[in-house]
Amino acid sequence: MNNEVTLLKGNEAIAYAAIRCGADAFFGYPITPQSEIIETLSLLKPWETTGMVVVQAESEVASINMVYGGAGAGKRVFTTSSSPGVALMQEGISFMAGSEIPGVIVNVQRGGPGLGTIQPSQSDYFQATRGGGNGDYNVIVLAPNSVQEMADFMDLAFTLAFRYRNPAMILSDGVIGQMMEKVVLPEQKPRRTEEQIRKECPWATIGRTKDRQPNILTSLELKPEIMEARNIHLQEKYATIREKEVRYETINCEDADYLIVAFGSAARISEKSMEIARGKGEKVGLFRPITLWPFPERQLAEIAKGKKGILVAEINAGQMVEDVRLAINGAVPVEHFGRLGGIVPDPQEIVEALETKMMRK
Amino acid sequence: MNNEVTLLKGNEAIAYAAIRCGADAFFGYPITPQSEIIETLSLLKPWETTGMVVVQAESEVASINMVYGGAGAGKRVFTTSSSPGVALMQEGISFMAGSEIPGVIVNVQRGGPGLGTIQPSQSDYFQATRGGGNGDYNVIVLAPNSVQEMADFMDLAFTLAFRYRNPAMILSDGVIGQMMEKVVLPEQKPRRTEEQIRKECPWATIGRTKDRQPNILTSLELKPEIMEARNIHLQEKYATIREKEVRYETINCEDADYLIVAFGSAARISEKSMEIARGKGEKVGLFRPITLWPFPERQLAEIAKGKKGILVAEINAGQMVEDVRLAINGAVPVEHFGRLGGIVPDPQEIVEALETKMMRK
Amino acid sequence: MSTNRGAIVVDKDRCKGCALCVLACSKGVISLAVRKVNVHGYPYVEPMNPDNCIGCASCAIVCPDGCIEVYRKIIDKEDEQ
Amino acid sequence: MSTNRGAIVVDKDRCKGCALCVLACSKGVISLAVRKVNVHGYPYVEPMNPDNCIGCASCAIVCPDGCIEVYRKIIDKEDEQ
Amino acid sequence: MKKEIIISGFGGQGVLSMGKILAYSGLMEDKEVTWMPSYGPEQRGGTANCTVIVSDERISSPILSRYDIAIVLNQPSLDRFMPLIKPGGILIYDSYGILNKPSRSDIHIYQIDAMDKAAELKNAKVFNMIVLGGLLKVCPVVSTDGLKKALYKTLPERHHEMIPLNMKAVQVGMDLIEEA
Amino acid sequence: MKKEIIISGFGGQGVLSMGKILAYSGLMEDKEVTWMPSYGPEQRGGTANCTVIVSDERISSPILSRYDIAIVLNQPSLDRFMPLIKPGGILIYDSYGILNKPSRSDIHIYQIDAMDKAAELKNAKVFNMIVLGGLLKVCPVVSTDGLKKALYKTLPERHHEMIPLNMKAVQVGMDLIEEA
Amino acid sequence: MTENDIISPENLVYKKPELMNDTPMHYCPGCSHGVVHKLIAEIIEEMGMEEKTVGVSPVGCAVFAYRYLDIDWQEAAHGRAPALATAIKRLWPDRLVFTYQGDGDLACIGTAETIHALNRGEHIAIIFINNAIYGMTGGQMAPTTLIGQKTSTCPYGRDPELHGYPLNITEIASTLRGTCYVSRQSVDTVGSILKAKKAIRKAFEASMKGLGSSLVEIVSTCNSGWKLSPAEANEWMREKMFKEYVKGDLKDTTNLK
Amino acid sequence: MTENDIISPENLVYKKPELMNDTPMHYCPGCSHGVVHKLIAEIIEEMGMEEKTVGVSPVGCAVFAYRYLDIDWQEAAHGRAPALATAIKRLWPDRLVFTYQGDGDLACIGTAETIHALNRGEHIAIIFINNAIYGMTGGQMAPTTLIGQKTSTCPYGRDPELHGYPLNITEIASTLRGTCYVSRQSVDTVGSILKAKKAIRKAFEASMKGLGSSLVEIVSTCNSGWKLSPAEANEWMREKMFKEYVKGDLKDTTNLK
Ligand SMILES: Cc1ncc(C[n+]2csc(CCOP(=O)(O)OP(=O)(O)O)c2C)c(N)n1
Ligand SMILES: Cc1ncc(C[n+]2csc(CCOP(=O)(O)OP(=O)(O)O)c2C)c(N)n1
Ligand code: SF4
Ligand code: SF4
Ligand code: SF4
Ligand code: SF4
Ligand code: SF4
Ligand code: SF4
Ligand SMILES: [Mg+2]
Ligand SMILES: [Mg+2]
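Residue numbers (our numbering), protein chains in the order written: chain U, 2 to 362; chain B, 2 to 362; chain X, 15 to 95; chain C, 15 to 95; chain S, 665 to 844; chain P, 665 to 844; chain D, 2 to 258; chain F, 2 to 258.
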């Protein structure tokens, strides 16, 4: 299987890309709008080809704890769900962060709160970036805005997760999960051998050989001094990630008077809004954070210098706008535009928001 | 039972105050450092006196959903837990927000992430204020800093929860939960009668009488237009709460050059730090948010005007400091001091942080 | 000698054409309306042989959507003839 | 005629004085040390009647903390006397 | 060239797969494409739709509020999407499900009675292809060749024998469509 | 007046309840008090401690890094808390659990052999009260009257008959304590 | 004798219960859910509990049950209906409280809540619609899916090596000391529907008498998920499902008839 | 013949297994956990699986099991050990994977994970320490607490009306088709310890042979929680616990001896 150009749903791309990037296991529980992921995996039955394990778990709570177990044993393991399902995983994700388990979680967001709606939304930004679970921790959060990125970020998420021994999340939504686009699938990578895993993951719990101490994966420590040291270690790791792993995209930002800041599907829509606005002679640029955590705060602050205003366009009631405000620290006016309840804004609305909230007021 | 002056642990105070403020039910699962709450309730057996129900649930997931059921039936119902247990409740809390269920959650925080430590911490600030669950929602968050407030906030939490049909949380920690202090317990209030409940909670699901439409509590709505309207209703409600229910305390802020901003147990400790600093001739004041959500942002911004600096002292790696920064919007330098892993800072450390981070640098 | 005469009323806008009533009726009273759909786009049933109906209510009992009302009258065989 | 002679070694710093071994020993070999505590503050046991020990290992098997080592030697009765 | 198309009808009518074939055809011709469905418990009736964009250049938003072309297969779809067609755009409808005929003068309106035709041909499965044929006639978003390639690519091998029949249906559609 | 006190010893020695009685006594005399325990799975051995603050005024921090008085009942407690006593402060220890005697010259050091005394009296339960008596002798944080009231308030009625015995133990402690 | 002579109020022998309103149900044509809804409505009416009933709907196809029966309802998070019902009933003991749950909801994600509510003997009735599949989300494997049965997440048939065995949670329920009545029924024929009604009625009455908790499983069809016509689905159910899920009372300590 | 003559390496007949290190265990004096730890260590050694074993510790008193046995360990979230074990074993099929869980962990919060892992027939062994109480958190009621038993959350004794009935999860496990071996043992006497060891060994071997999942319950004491001396606790267990939790094999389809 070489690089293959095909037309896939974002959800399907996740499944294909996972197999091709050498994932070892998927554990998950069905939920709209992402059930195509487990369905595609079930249809492709990779256990007969690459040997990848696919298990429909009894719940999202079980799924995330299976990811803990599998990734803790050094394997490339992931789960996928949508908003309320991911809410159920918060304890598990917090445990993974505490035990430094490199599992991958895909959230194809739908509207909330609660059972909400099955329509697309971006209202789990806080849940993803602030750690919906307990304690001081961070999850690496990648926000794809195309089917291609759904595919590409699968490998990237695993790579980052293992590089930093930290959970990584792909924060997608119903638009990206359900839409079909052209996608170039990566070549089939072999799954790692036991030897490679032993080398890459000396911490993995795969049987204690005589030449080393037992590997113990735990988030517990009752001695405050030791626990504080472990927390500081985590904070230092997070600082490194903040330093090294920020990803973002800019379009037409150089000459822009105004910036739209948007991620994921909202960034796709905003790109068109920018085109429309430019068509009207307004110099608008688009800043797209790709990593939501670490948020590109220095980069945005730099680019924002001297702009007349920033519109944060999200499919929620105002979440990333806080990170934008924290980055900008009062230097430029920041406004928010959002739609709720599963309504996906159309590009024109964002143009209007730019005009009424930023330009004319 | 009149007002009674006694010496209680914060956890015990919660139990006593709940009974006395006419709570109808407790549902919870044991976890350190708050198991004294359910233990005290079990010992007091209020089911034989006020008729209050006490059930040890099979998990925190069950607990929060029992709260959903009971509060949805118009009753004053609460649960209590500690950090990882509260992480497990995130789906349920999000559902409650979506269905507008006025249940009360008490989180006696311990250190994280994951199983972490049983020692005190304030590292669930994000989980509480940003909504660890899915979707755009807010929980009213009260942060007691004394055993007296543990007792007082029980009734307040119920009152606010029912006033706004919204979940309310008491965000405490192992220090406040475990310490004993003098506390004046409120008089025993009777539990509300069916008639009162029908009047106060026309939305409660207690049997549809002929004179009204069925009451339906759900967070689901598949029509985006209706769902958006419901979300907007929530956002408007949150705006009202932001407007009306902000609570905070200031000590020596008027003449202060520097402010310490701290909540809960950190505020108690910081109060002493302030005394020490004032003893050294430094004009330091203390701003204590009592409602963490709604955060007293306008009030803090007002008071912060013209100050030389703000130190946010938290028992975490820096969480409320974001709300402080958002409130201050760059007008005054803001720094953070925190300890992790279950270590509770002593007052002296905060004084030193003031000196090194704010004054001398 | 007396016998049961029955009649059914189908709420055609509620009917989804599942045809479970058709199967349940031992008297062959009910059939799917040919090439017709209701406001919701569903095919629906009609009592095609209404005279055979004995008002046993089987059709209505099995109908998942509660679309059928059944009426029954006890009549003298003689009366009828 | 031969018989078993046994001996036990108690790791007193590991022992918690639960006395389960005392109960398990049918030969009355083991007792709690009087008014003594170990580094961890626990009372602990000692073989007070070591000569009675037959090395059956019952004490060691029931010890939750794995504090007891058991030794056994088969010896000629005559030899001994 | 960039065409923004909406296809809408009853859940069971195959509007989603119609859109998929169209998108696939675009892909076969090296165009950029997006396909965005409405989704949810559609098996239970109700209206389904999908947006297909076929373009020579990178496509920004897959979500649109205005369309170049709307294919509507029932009345609610007509009511909802006719107003969203750009002036000068195209509306294609099958009269089978339509009670009130469309009525805009600033767009091109075409009728294609594919339901009846498919029934006539006793092959409900070619309904899709008839409609697509009609579309390609009035606006060659993709070539029939691209369409054929897409069928070869997407259909499992064992169904390839059906492709000629499908391509014939495309021709039928091309012949059938008429300005309304 | 404000006294900041730490009481520390083995989990089973009753250090937590000693602190509670002290705090309660303060309450009985209308003082402000806080009691802050170390907590966790203490039943399994290990050192427990509690901080008690008794004050005429509002108490800010219940967490302290320096103490006016430390009562230490085993060696780890002594090692940990002796350095944290404020100059001029008080250290009280029971020699039973102490291997290396305390050695600061800028504080007042008292010894009280309450363990032995309690054993002598064949009543391990009064150990607490002996120690408290010693404390009240060298620093009357609360009055013996307050202490008695606290016992009446906290003990269940059926144990009130024990109170005279307890108060006697307090007296024993007062007599027993001696400058080290 | 014309039809019109017969169709007259005094001759009415059957119509859908009052409590079932006129909102069109979103269920697929022929879905078993509708029949069970009717039965529940009838029983509540017969018991005169219209004003004293609280239903708890699941996450699953029956999530919208609250739209169709004009009683008070709470919609639970996926699997947690028994927890909600526990609280409602404990707080309003004179109310009739029941849950209505699918196999995914009850026997998968909600396993713990189901077992513990039943084991505590909460005075609630659980109506369990076992259609061996996840209907709502488009036909994925359920814990009750049969060996060999094809679903979208076991498209080659359920294989015990990969997917485990069908879970007989009703049998488990019958072993719990908190349950007083556990029964398995179906609603594919007039006869079975009448039996199912009796079972549900007994469960409701047992809950009101405080005898313990009850579970009534309705072996059901999901013709959409199974990709069969409604009639074929009934056939398949009778042929395959009834073998694994044998109908009848599994436990009855109620002494109710 | 002096003691010193006997105490010599060649005469050694018992010492704690190598795999159990010298870290002092945090358990209360006389706690059953320690005995079971020893057995597990002995079996792993006897099976020669020291380098191929992954243990999953629970949240409960045994949370720190990982400190005492020198194998690789994962510490699971409360109740989720079977989920972790499922993944580890599926990904490393030639490893010996077991969980070690208390009654709160396994039979309460983890009910769903326990039942579904067992029902899927995961090739894992679950060691279940049933001490009828929550030891770790200070003695609260567990699902397995006996009727009348006093704990800190049922200080007047467990009352089925308020608290439900003791849950016999091991019996449930034995009804699941995915299990191949289900047994209940204790470790209060030399004899029972040897039997318990056999049972655990069989469970471990069954998992390595891929015969299905196994559950071995060890009826245990928690003298701290029960507020008894270790000796009294054993007595109480034999007198009260063994009646509710009858010892012996509940299921064995392994054909292993
Ligand atoms: C926490 C959570 N996980 C998953 C889902 C998605 N979901 C909705 S319904 C359902 C299963 C429904 O199956 P079942 O309970 O058998 O009911 P049926 O539709 O078959 O009647 C699932 C998995 C959800 N809504 N919430
Ligand atoms: C999510 C969560 N809930 C609750 C707890 C608190 N907790 C720790 S151990 C435990 C119960 C332990 O009981 P059991 O499983 O019977 O083990 P034992 O200590 O008796 O061996 C509980 C409730 C927790 N750590 N995490
Ligand atoms: S009432 Fe009986 S006879 Fe009449 S249509 Fe219905 S099933 Fe047939
Ligand atoms: S059973 Fe009901 S829904 Fe089905 S065809 Fe008959 S009347 Fe229509
Ligand atoms: S080995 Fe046997 S005889 Fe010797 S001390 Fe131990 S139990 Fe007693
Ligand atoms: S059984 Fe072990 S721990 Fe207990 S007293 Fe004997 S040697 Fe000590
Ligand atoms: S999907 Fe299945 S269960 Fe759901 S409504 Fe349709 S037939 Fe019924
Ligand atoms: S609390 Fe109970 S289970 Fe835990 S270590 Fe102590 S005796 Fe053992
Ligand atoms: Mg189902
Ligand atoms: Mg236990």
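Backbone N, C-alpha and C define an ideal beta-carbon position, used for all residues, glycine too.
Keep in mind the model is a prediction, meaning the values are calculated, not measured.
With respect to Asp104 (chain F), Thr138 (chain F) sits apart: the two C-beta atoms are not nearer than 8 Å.
A straight line joining the alpha-carbon of Gln102 (chain F) with that of Gly140 (chain D) spans about 35 Å.
For Gln149 (chain U), the uninterrupted alpha helix (DSSP H) segment begins and ends at Val148 to Tyr165. The region 202-212 of chain D makes contact with the region 94-101 of chain D: 3 or more CB pairs, one atom from each, lie closer than 8 Å. Residue-level contact check: Ala63 (chain U) touches chain F, since one or more beta carbons of chain F fall below 8 Å from its beta carbon. For the options P:Ser681, P:Arg822, P:Ser702 and P:Pro726, the alpha carbon positioned closest to that of Lys224 (chain U) is the one of P:Ser702. Per the CB criterion, closer than 6 Å to any heavy atom of ligand 5, the qualifying residues run in chain order as C:Gly20, C:Ile22, C:Ala38, C:Cys39, C:Lys41, C:Val43, C:Ile44, C:Cys67, C:Ile68, C:Gly69, C:Cys70, C:Ala71, C:Ser72, C:Cys73 and C:Val84. For Met779 (chain S), the enclosing alpha helix (DSSP H) has its first and last residue at Ala778 to Glu784. Under the 8 Å Cβ criterion, the region 812-822 of chain S does not count as touching the region 665-684 of chain P, having fewer than three qualifying pairs. With a cutoff of 7 Å, Asn132 (chain D) counts as near ligand 7, since its C-beta is closer than that to a heavy atom of the ligand.
Judged by DSSP in its simplified three-state form, Lys199 (chain F) adopts helix. CA-to-CA, the gap between Leu686 (chain S) and Glu825 (chain S) works out to about 20 Å. Of all residues in the region 23-43 of chain B, only Tyr30, Pro31, Ile32, Thr33, Ser36, Ile39, Glu40 and Ser43 place a beta-carbon less than 8 Å from a beta-carbon of chain F. Around the CB of Asp153 (chain U), 16 or more other CB atoms lie within 10 Å, so the residue is classed as buried.
For a Cβ distance threshold of 8 Å, residue set Leu8 and Met181 of chain B lies close to Ala687 (chain P), ordered along the chain. At a threshold of 7 Å, Pro78 (chain X) does not count as near ligand 3, since its beta carbon sits no closer than that to any of the ligand's heavy atoms.
Ranked by Cα distance from Ala782 (chain P), the first of P:Ala712, P:Lys801, P:Glu842 and P:Gln677 is P:Gln677. Of all residues in the region 54-88 of chain X, those with a C-beta nearer than 8 Å to a C-beta of chain S are His54, Gly55 and Tyr56, reading in chain order.
In this structure, Cys109 (chain F) and Glu37 (chain B) do not form a Cβ contact; the two beta carbons are roughly 20 Å apart against a cut-off of 8 Å.
Around the beta carbon of Met228 (chain B), a 10 Å sphere encloses 16 or more other beta carbons of the protein chains shown; the residue is thus reported as buried. Residue S:Ile794 holds the alpha-carbon nearest to the alpha-carbon of Val834 (chain S) among S:Pro766, S:Ile794 and S:Cys803. In its chain, beyond the 5 residues on either side, Gly179 have a beta carbon closer than 6 Å to the beta carbon of Arg121 (chain D). Between Glu61 (chain U) and Gly86 (chain U), the C-beta spacing is below 8 Å. Nearest C-alpha to Ala263 (chain U) among U:Ser124, U:Glu244 and U:Phe288: U:Phe288. Around the beta carbon of Leu763 (chain P), a 10 Å sphere encloses fewer than 16 other beta carbons of the protein chains shown; the residue is thus reported as exposed.
Around Gly139 (chain D), the beta-carbon contacts reaching into chain U at under 7 Å are Ser36. A direct Cα-Cα distance of roughly 43 Å separates Ala133 (chain F) from Val836 (chain P).
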